[in-house]
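Residue 27 in our numbering sits at position 37 of the sequence shown, with consecutive numbering throughout.
The C-beta atom is built at its ideal place from N, Cα and C for all residues, glycine as well.
On a predicted model such as this, the values are computed, not experimentally measured, just so you know.
Input: a single structure, listed below in structure tokens.
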Amino acid sequence: MTTTKNSSESRSVDGNSPQFNDERELIWYEQNKVAIDSYNKLIEENGAFGDELRLF
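Okay, structure coming up:
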């Protein structure tokens, strides 16, 4: 689902995507979505750097 009303309002690529206020942000996200999803999966499976050292 893509929603666009005018340049000052947010846009969404689909129901799970972040909101974008600028066309350049949307283009950047679309170009990098595979890498972002891959990184998020890696963090979900292995945790973030330093997770084992945090005390909170």
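C-alpha gap between residue i and residue j, whole angstroms
{"i": "D12", "j": "E20", "result": "13 Å"}
{"i": "L50", "j": "K23", "result": "There is no way to answer for residue 50, as the model of the chain reaches only from -9 to 46."}
{"i": "E34", "j": "D41", "result": "12 Å"}
{"i": "G37", "j": "R14", "result": "30 Å"}
{"i": "Y29", "j": "F46", "result": "23 Å"}
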